[in-house]
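What follows is a single structure, written as structure tokens, with notes after it.
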Amino acid sequence: MTESAENSINQRIKFLIEEALNSNTHKISKLLGVSDGTLRNYVSGKAKPSADFLTLMVERIDGLNATWLLTGKDNALSKSVSISGDKSNAYQNNSGPIVNSNSGDATVTVHNIDDCRRELEASQKQVELLMGQLAGKDAIIEAKDALIAAKDEVLMLLRGGHNRPN
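So my numbering is basically just the index in the sequence shown, starting at one, shifted up by 174.
Structure, rendered in structure tokens:
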């Protein structure tokens, strides 16, 4: 049984690097510790990836779904992906994930724009609710201050009445 060109393992590797991780072969090959040329050959479809390379990807990219990588079924990634390696670099692509590495693990965080929008809307609603609560507490404080002022005035009048001769 042959794989269609549209759903080949090479296409999934290309999707993983370019779309899911929003990166390029040079950066990912450095993070994985493989040659850039080898990875480019896999992405272009000139060569099929070896079992060792696929194992390396699954081991180094935490959150990568091995079933998806091998068969194309299920989701490619969980929300947070980390790439393990002994590399020292950091980069940020404004339109995608952030990768940080300092002689240890590199962490790639992949954000879904729809999830971010929902989270923003929920945060805005929470801010509105908190602003309403704050306004209510401000009104209570003002009423308390007015009550204290009235109490002080009554006490002053009462004290003044005791000091007056009858």
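No residue lacks a Cβ here, since even glycine has one placed at the ideal position from N, Cα and C.
Discussion item. Just verifying my parser: in three-state terms, what is the DSSP assignment at ILE191?
Written reply: DSSP places ILE191 in helix when its eight states are reduced to three.
Item to complete: Check the C-beta distance from ASP226 over to ASN239 and give it rounded, since I have them as a contact under 8 Å.
Response: Actually they do not touch by this definition, with Cβ atoms about 19 Å apart.
Fill in: Unbroken stretches of the beta strand (DSSP E), 3 residues or longer, contained in the region 224 to 250
If one requires a minimum length of 3 residues, the beta strand (DSSP E) runs lying completely within the region 224 to 250 are 235 to 238, in chain order.
Fill in: Among LYS222, ARG292, GLU295, LEU205, nearest to ILE235 - alpha-carbon criterion
Nearest Cα to ILE235 within the set LYS222, ARG292, GLU295, LEU205: LEU205.
Worksheet item: Of the residues ASP319, ASN184, ILE287, which one's Cα is nearest the Cα of TRP242?
Response: For the residues ASP319, ASN184, ILE287, the minimum Cα distance to TRP242 belongs to ASN184.
Worksheet item: Beta-carbon separation of PRO223 and ILE191 under 8 Å?
Response: At a Cβ-Cβ threshold of 8 Å, PRO223 and ILE191 do not count as neighbours.
Fill in: Given SER218 as reference, the closest of PHE189, VAL232, GLU293 once Cα atoms are compared
Checked all of PHE189, VAL232, GLU293; the closest Cα to SER218 is PHE189.
Practice prompt. Note the first and the last residue of the continuous alpha helix (DSSP H) segment covering SER218.
Written response: Element bounds for SER218: 210 to 218.
Worksheet item: Run through DSSP, which three-state label would ALA221 get?
Response: Looking at ALA221 - three-state DSSP - the assignment turns out to be coil, as it is neither helix nor strand.
Worksheet entry | Separation of GLU316 from GLY237, as counted between CA atoms | Approximately 53 Å between the Cα atoms of the pair.
Worksheet item: In or out: LYS325 buried (at least 16 other Cβ within 10 Å) or exposed?
Response: Counting Cβ neighbours within 10 Å, LYS325 comes out exposed, since fewer than 16 surround it.
Worksheet item: Apart from the five residues on each side of it in sequence, which residues of its chain come closer than 7 Å, Cβ to Cβ, to GLY246?
Response: Excluding its 5 nearest sequence neighbours in each direction, GLY246 has C-beta neighbours in its own chain below 7 Å: ASN181, ARG186, listed in chain order.
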